[in-house]
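In this note's numbering, the protein residues as written are 28 to 218. In this text, a Cβ means the ideal position worked out from N, Cα and C, and glycines have one as well. These numbers come from a predicted model, not from an experiment.
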Ligand SMILES: Cc1cc2nc3c(=O)[nH]c(=O)nc-3n(C[C@H](O)[C@H](O)[C@H](O)COP(=O)(O)O)c2cc1C
């Protein structure tokens, strides 16, 4: 199985890094980092995304890294046969581009390929509050079977701290992509 993770320039870049850590090693992984995501990472985690991913690579997780301008990459073509893509976090800019079919850099190009090939695409839009434009864009994509999964907290998993709250969100993303995980206690397990 081949999977793409796009990291766009919304808040929560560290969620993407943790999400990648939980993708099983058998899945061939391609990671695209937008230029804005690099700026956000400097502000939020005071680190470069590549450096943060390095520790995961050192743990034996192979992945192919791309910049947004690598529009001629193998993953930009439907013939490469990518099975699933997640964009974590998804900026409002990226959401708008995908919803109108703009494919002017590698993340939006790969998303447009997933849509035309009817492959699984999950987006995690991050903004607060959400404008009517963003909501309309999400509705349009949801009607195309794109999974709209913003990083929304849930308290029923008895989350105690930020890590367990993030595990809940990451676990829900993995569930949506049909990737097995035990990152959060499921409803009914501790009743
Ligand atoms: C520190 C920081 C945090 C940001 N957070 C968000 C956010 O949560 N949601 C959003 O839509 N844009 C956010 N932005 C703005 C985007 O980075 C900007 O719209 C950018 O053009 C998105 O580019 P991309 O879609 O190519 O990654 C943030 C920018 C900075 C510098």
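Distance CB(residue i)-CB(residue j) smaller than 8 Å
| i | j | result |
| --- | --- | --- |
| residue 35 | residue 117 | yes |
| residue 151 | residue 115 | yes |
| residue 57 | residue 31 | yes |
| residue 71 | residue 104 | no |
| residue 119 | residue 161 | yes |
| residue 126 | residue 168 | yes |
| residue 93 | residue 149 | no |
| residue 201 | residue 147 | no |
| residue 106 | residue 124 | no |
| residue 211 | residue 194 | yes |
Residue i, DSSP secondary structure in three states
| i | result |
| --- | --- |
| residue 94 | strand |
| residue 175 | strand |
| residue 121 | helix |
| residue 114 | strand |
| residue 68 | helix |
| residue 45 | helix |
| residue 105 | helix |
Extent of the continuous alpha helix (DSSP H) to which residue i belongs
| i | result |
| --- | --- |
| residue 198 | 189–203 |
| residue 143 | 133–143 |
| residue 76 | 76–85 |
| residue 160 | 159–169 |
| residue 38 | It is not in any alpha helix (DSSP H) - residue 38 carries neither H nor E in the DSSP assignment. |
Residue interval of the beta strand (DSSP E) (run including residue i)
| i | result |
| --- | --- |
| residue 147 | 147–152 |
| residue 206 | First-last for residue 206: undefined, no H or E at that position. |
| residue 57 | 55–60 |
| residue 32 | 29–34 |
Cβ-heavy atom distance, residue i to ligand 1, below 7 Å
| i | result |
| --- | --- |
| residue 238 | Shown here, the chain extends from 28 to 218; a query on residue 238 therefore has no answer. |
| residue 70 | yes |
| residue 32 | no |
| residue 58 | no |
| residue 100 | no |
| residue 118 | yes |
| residue 128 | no |
| residue 64 | yes |
| residue 112 | no |
| residue 121 | yes |
| residue 181 | no |
| residue 61 | yes |
| residue 35 | yes |
Chain B contact for residue i (CB, 8 Å cutoff)
| i | result |
| --- | --- |
| residue 174 | The structure shown contains no chain B; it is built from a single protein chain. |
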